[in-house]
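Numbering (my numbering), first residue to last: 210 to 758.
Using N, Cα and C, we set each Cβ at its ideal position, and we do this for glycine too.
Here the structure is laid out as structure tokens; the discussion comes afterwards.
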Ligand SMILES: [Ca+2]
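The structure is reproduced here in structure tokens:
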């Protein structure tokens, strides 16, 4: 579910991604008046003799306002739930006395609706979900002041949000180029290794091979898979030694085996620099090696043409020796989260670690989404809204939003939170406690990244095993996102699309041998093609340190 959300986010951003921190020096013009007015908002707060901030909010503790109906705010969000009845939303109303009016639209129509709202001036007090992006923060926040700066309110009233901002790199990621924070941070536990190759251990046994440690040994194993009846069905010709998830092929990640760990946009880590790697000699080495495997019949011939269903179907028929995937469950045909089942696949080790082999660290164990909720200048008493979110970030409220309310389907035992089996509850009760009905999952919530539930029958966690295995061979740093200067956003987006299409199309041609990666003139022509699409400008806007040669 989270991955779906992330892919939506990426789509919405059209990869407004780049390097470390935001800083994004200068670039964006700030629209003078508005920001300075809003910056002083908490300085003008008054506290009366009853301890009320601005005549309404209790300065400490719960409830936030004295009685139900004293304060109400609206939230615009993309969400396709059947009803407005969210378990934790009701809990928060009891805790805070604050009412929420939801304006929910499915993702497909939310963007258009939000633009209409913003143009008409009749927008909600809070805008949240996957429809926001960096460009909107710059336009409606930095330039127009429709979204208001929140950092002073956080500092004064929101200890839980402050703790989240103090996590490594989060405040930098959240801070817009004008120095203000416009979003309520959404930080969520994430994997350090996204997509990676998985290798079939039963096949390895059947062909009498050890787990490979180098690209040569790997090639040797793939050949054995191809030449023998590795799946043991009596047919020596049906084995597909190597395949990959068609929507997330990520074969360029294997450039890490040759010393240049790279993401799917070709952005790579080279020592302490972040560079464009798609024109680099290591990527060329990888393509040359991978083309050789292709030529030897070791790679799925449908690699560049199949859809997900085809890929999964072949996996379910036991035809793969290796495949790249987020998790092997996606193609191995076993039932996910069933503690009695462990996939026959395990993580292929990072290859060539005796030389330069290294793998890209995707996250530091958590991801920061910086455009998940903003407060608009239509909101009265934005300090109440910030504290409402701050209260949602309390540990047991975070547990409630993520897994279920404590005392109902999560039980506290000592310091542990144990997930309770609720399958004996009536169906409508179970329905109320389902993930999508707990909380508007498109909005920020928070659980510490290292928080673990205690499960009575924990399922084998292949992802955790993978992370532990890869940890010594991961890059120290991750690739992060910068703020693309507002004036550059359209051009950046156009070049990104063109570069991406070209990179993928040329990759397929090199792998399949439609052009020769080992031919200097053909390689140079590919590199020139990248440059003619605007690679050099793109690298500057993306804040990279250069282009790997
Ligand atoms: Ca066979």
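Query                                                                                                : Result
Where residue 710 falls: helix, strand or coil (DSSP)                                                : helix
Residue 430 beta carbon near ligand 1 (any heavy atom closer than 7 Å)                               : no
Host beta strand (DSSP E) of residue 311 (start-end)                                                 : 307-314
Ordered list of alpha helix (DSSP H) runs contained in the segment 489-522, each at least 4 residues : 490-504
Closest by C-alpha distance to residue 624, when choosing among 605, 699, 610, 348                   : 605
Contact the segment 277-289 vs the segment 640-652: 3+ CB pairs below 8 Å                            : yes
Residue 571 beta carbon less than 8 Å from that of residue 689                                       : no
Beta-carbon proximity of residue 763 to residue 392, cut-off 8 Å                                     : Summary: the structure shown does not reach residue 763, with the chain confined to residues 210 through 758, and so no result is reported for it.
According to DSSP, residues forming a beta bridge with residue 683                                   : 568
Proximity of residue 366 and residue 599 at Cβ, strictly below 8 Å                                   : yes
Test item: CB-CB of residue 586 and residue 373 under 8 Å                                            : no
Own chain, CB closer than 6 Å to residue 743, minus 5 neighbours either side, in chain order         : 704
Counterpart residues of residue 769 in DSSP-defined beta bridges                                     : The chain is shown only over 210 to 758; residue 769 falls outside these bounds and no answer can be derived.
Cβ-Cβ distance between residue 615 and residue 642 below 8 Å                                         : no
Residue 600: CB within 7 Å of a non-hydrogen atom of ligand 1                                        : no
Residues that DSSP places opposite residue 397 in a beta bridge                                      : 576
CB of residue 497 within 8 Å of CB of residue 727, strictly                                          : yes
Segment limits, beta strand (DSSP E) that includes residue 337                                       : 335-337
Close beta carbons around residue 715, own chain, < 8 Å, minus the five adjacent residues each side  : 724, 735, 738
Pair within 8 Å by beta-carbon distance, residue 314 and residue 601                                 : no
Extent of the continuous beta strand (DSSP E) run through residue 332                                : Premise fails: residue 332 is in no beta strand (DSSP E) and is neither H nor E.
First and last residue of the uninterrupted beta strand (DSSP E) at residue 363                      : Taken as a continuous stretch (DSSP letters only), residue 363 belongs to no beta strand (DSSP E), being part of the alpha helix (DSSP H) at 360-366.
Residue closest to residue 504, alpha-carbon to alpha-carbon, out of 432, 707, 611, 518              : 432
Beta-carbon spacing of residue 389, residue 360 below 8 Å                                            : yes
Distance between residue 387 and residue 323 (C-alpha atoms, nearest Å)                              : 24 Å
Segment contact flag, the segment 677-697 with the segment 556-568, C-beta cutoff 8 Å, min 3 pairs   : yes
Beta carbon of residue 574 nearer than 8 Å to that of residue 658                                    : yes
Candidates 526, 691, 488, of which the one nearest residue 577 by Cα                                 : 691
Any non-hydrogen atom of ligand 1 closer than 7 Å to residue 409 Cβ                                  : no
Nearest-angstrom Cβ-Cβ length linking residue 529 and residue 452, presumed shorter than 8 Å         : 5 Å
Cβ-based neighbour list, residue 308, same chain, cut-off 6 Å, excluding 5 preceding and 5 following : 281
Alpha helix (DSSP H) segment containing residue 385, residue limits                                  : Here residue 385 belongs to no alpha helix (DSSP H), and DSSP marks it neither H nor E.
Presumed contact (8 Å Cβ cut-off) between residue 588 and residue 337, rounded CB distance           : 13 Å between Cβ atoms; not a contact.
Proximity of residue 424 and residue 492 at Cβ, strictly below 8 Å                                   : no
Any non-hydrogen atom of ligand 1 closer than 7 Å to residue 299 Cβ                                  : no
For residue 303, three-class secondary structure by DSSP                                             : helix
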